[in-house]
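Working notes, structure below.
Residue numbers (the numbering used here), protein chains in the order written: chain E, 586 to 829; chain C, 30 to 617.
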């Protein structure tokens, strides 16, 4: 009886999954047939119709890359990496796509490692971890209400240290997420100006695929910051795409 | 004349880029019979097939060689190139009359192209002279045996591409005045290689000057090595015995012509002709070397194949390299080296090919084979080099260019790799959405739940203890009035009840008061404990001692043996009452 119930649940789930993934599978077939622009459109469709998974963004990035759209490829790899930050394939392809743009600000190994550790968990995983640490801390405090002894003291001490560390990390990530709006340059060669005025001369150029941070937007213009180079400029909003 | 030719060439090139045209032109249409006609036949077009000369019985024909001109022309914006081959002939009419130079033909692609016939009128002039003794302006053939020239071939039957040694010999027994002018014979159909230096010798009293030339016939057939001529100035002895005439009279120009020589060019035998025959005739050897034998993968190795020997070295074709897929092969460059020592055409052709081993291990370059025809033995021979083994170590990964992206977008600073992105993923592992958890109120409430739990537990505990405290202080605040209330009936009943009973009830009232004040039943505590609690609560020194002293006093009066120091009970009552008031005032 239990067994048959399990089977029914499994069938239900798999049929649901199949229903949700028809667009995705069709897009995969297009990709395998080498029709990259069509595959990219199909992945976009699948994402907007309720499959915003890391695979979908990853595959969309691949299709864009094969279609020689480096900026869009990097954008979608970044999106995929936000969902699955520890996925080796996504990391590899993102690095690979990035190797096609000449980035002046190259991270050294230490910065890379720190950044990778900082982004080891997704924001949601970190939130769950934060909750768990808080549960643990409060549990030890409640335990201490009933047993005021050395054991309860050390338990509460350890839990508060753990909680403090996780809270720092989570807080930094949440603030980062709230205050930084990263975007990728998706147009071929973008000129940034010192003011959002068409007639202004270009202040600097941005290669396709470069990561920028949006500070302000104003009438079709976006003020962007290049963190590595620490320069600001205004670019047309349609030439960049937000990662979030 | 030249303009005419040029115009013809240009016309031919412009009119037909694909077609072949044959035109012929003469320098003059009417001549005296002793005169000559210069005939030029031009074959122009995209290809240049061989010209077939017609039979011309009315003329002595001297073929004068050929030259090639290339021209490029733009027609409607399209560039066409054409090659013109110009054949020069000298025609010497055999007699007077009206003649026609018949059309010249070429055959190409199954079609025959003809030049227009040309009419020529030969007026009766000086009688045509035999070729070998013709007098020409100031030039006079030497009648005697003092001077002559001859052209000799070392063989008259050769195979295609087999060298024929042509020796032009100038024999003279007289002194010459001035340098003779040499006109080489017409060697149409041969590839010519002059073999300097000239040989000077003396034979049978003649001074002999010999010039050697190697001739390589291009195709089979019957060929004629034409007349070689030499014009030289010889001193003339005057008529009679004018002594001085011999010294100073002067010289006359004498033209010496050689006899044409026939050569039969045999086709190469079909029998035993290998499929990979290179077309080279002669005697050759082959060698193959590499510049290094210990290499890493993706390092370049130069394979040098040298074919050297005697024969038409220029015609050596690139040998086929039979290489496995373990090698990447780049273009071959060749280097020709001709040596003409000892009046033989020798030399070598060196082919250099850059190879890149793709995998590590012992790789073998298989022997390079070359097939040629040896005319001495009349046999085809295949020569092959030794196999070469390379020790290939694993080198760094290939970094040669991103093969699948031949035209990457022109974005700034794009670097190109040979690897590829990783393949797409099937659906399944990370299918959850990207909504942010920390923004969801449900998450926040759930997260805050243990805090609320802790808070509520803490609160309830506080509330409970404070309630108990309240109860105690209530009791304490009312203890004094209750004690006074209980003492009043005891005072009135003092005379009526027994002394023991009175003392017991007085102690009970006192102990209840103390118990209420310290929120503990005083009956269950020892006097020491009571004293300790009270001294913690009372600041006034000695008060706690006197409060405990009352207990002791009451005990003593109650259980003391009768008759011994019985205190007045009213006084006891009064002292208890006084102490309670005192304690109350002290803030107990």
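Glycine residues also receive a C-beta, built at the ideal position from the N, C-alpha and C atoms.
At a Cβ threshold of 9 angstroms, is residue 698/E touching chain C? no
Can you tell which of 751/E, 781/E, 752/E, 724/E has its C-alpha closest to the C-alpha of residue 739/E? 724/E
Excluding five sequence neighbours on each side, which residues of the same chain lie with their C-beta closer than 7 angstroms to the C-beta of residue 390/C? 421
Cβ atoms of residue 99/C and residue 74/C: under 9 angstroms apart, would you say? no
Applying a beta-carbon distance threshold of less than 8 angstroms, which residues of chain C neighbour residue 723/E? 479, 480, 482, 483
In chain E, which residues lie with their C-beta within 8 angstroms of the C-beta of residue 490/C? 730
Residue 118/C and residue 152/C closer than 9 angstroms at C-beta: no
Quick check: is the beta carbon of residue 452/C nearer than 9 angstroms to any beta carbon in chain E? yes
Between residue 769/E and chain C, is the shortest Cβ-Cβ distance under 9 angstroms, so that the two count as touching? no
Does residue 738/E have its Cβ less than 9 angstroms from a Cβ in chain C? no
Only counting the same chain, and skipping five residues up and downstream in sequence, which positions put a Cβ closer than 8 angstroms to that of residue 231/C? 237
With three or more beta-carbon pairs closer than 8 angstroms as the criterion, would you say the segment 306-318 of chain C touches the segment 327-335 of chain C? yes
Nearest chain C C-beta to residue 597/E closer than 9 angstroms, yes or no? Because residue 597/E sits at a pLDDT of 46, beneath the cut-off of 50, its placement in the model cannot be relied upon, and the following sentence gives the value as read from the coordinates. Cβ-Cβ to chain C under 9 angstroms: no for residue 597/E.
Assuming the contact rule is C-beta atoms closer than 8 angstroms, residue 642/E and residue 632/E should be a hit. Round their C-beta distance to whole Å, please. 7 angstroms
Partners in chain E for residue 475/C, counting only beta-carbon separations shorter than 8 angstroms: 716
Contact list for residue 726/E against chain C, beta-carbon separation under 7 angstroms: 483
Residue 446/C versus residue 684/E - alpha carbon distance: Low per-residue confidence applies at residue 446/C: pLDDT is 48, beneath 50, and the placement is therefore not dependable, though the value from the model is reported in the following sentence. Taking the straight line joining both Cα atoms gives about 9 angstroms.
Would you list the one or two residues that DSSP bridges to residue 776/E? 790/E
Beta-carbon proximity of residue 344/C to residue 219/C, cut-off 9 angstroms: no
Name the chain C residues that come within less than 7 angstroms of residue 649/E, Cβ to Cβ? Within 7 angstroms Cβ-Cβ: nothing; residue 649/E doesn't reach chain C, min ~10 angstroms.
Going by C-alpha to C-alpha distance, which of 69/C, 49/C, 547/C, 51/C sits closest to residue 57/C? 69/C
Using a cut-off of 9 angstroms between C-beta atoms, extract the partners of residue 677/E located in chain C. 450, 451
Is residue 602/C helix, strand or coil when you go by DSSP? helix
Exposed or buried, what is residue 130/C when buried is set at 16 or more other beta-carbons lying within 10 Å of its beta-carbon? buried
Contact list for residue 776/E against chain C, beta-carbon separation under 9 angstroms: Neighbours of residue 776/E on chain C: none; closest Cβ ~12 angstroms, over 9 angstroms.
Quick check for students: name the residue ranges of the beta strand (DSSP E) that lie wholly in the segment 796-821 of chain E, counting only runs of 3 or more. 796-803, 806-811, 816-821
Classification of residue 551/C by the beta-carbon crowding that lies within 10 angstroms, buried from 16 upward: buried
Chain C contact residues for residue 616/E, given Cβ-Cβ distances below 8 angstroms: 453
Please name the residues in the segment 626-642 of chain E whose beta-carbon is closer than 8 angstroms to at least one beta-carbon of chain C, in chain order. 636, 637, 638, 639, 640, 641
Answer yes or no: do residue 60/C and residue 122/C have a C-beta to C-beta separation smaller than 9 angstroms? yes
So, using beta-carbon positions, are residue 378/C and residue 342/C closer together than 9 angstroms? yes
Nonlocal neighbours in the same chain, by C-beta distance under 8 angstroms from residue 295/C, ignoring five residues either side: 186, 187, 188, 189, 249
Closer than 8 angstroms: residue 519/C CB and nearest the ligand MG heavy atom: Judged by which ligands are present, the structure shown has none, so any question about the ligand MG falls away.
Is the beta carbon of residue 650/E less than 9 angstroms from the beta carbon of residue 682/E? yes
C-alpha gap between residue 493/C and residue 545/C, whole angstroms: 19 angstroms
Can you find the residues in the same chain that come closer than 8 angstroms, C-beta to C-beta, to residue 438/C, ignoring five residues on each side of it along the sequence? The predicted position of residue 438/C is uncertain, since its pLDDT is 46 and thus under 50; a value taken from the coordinates is nonetheless stated next. For residue 438/C, where only same-chain residues beyond five positions count, there are no Cβ hits under 8 angstroms.
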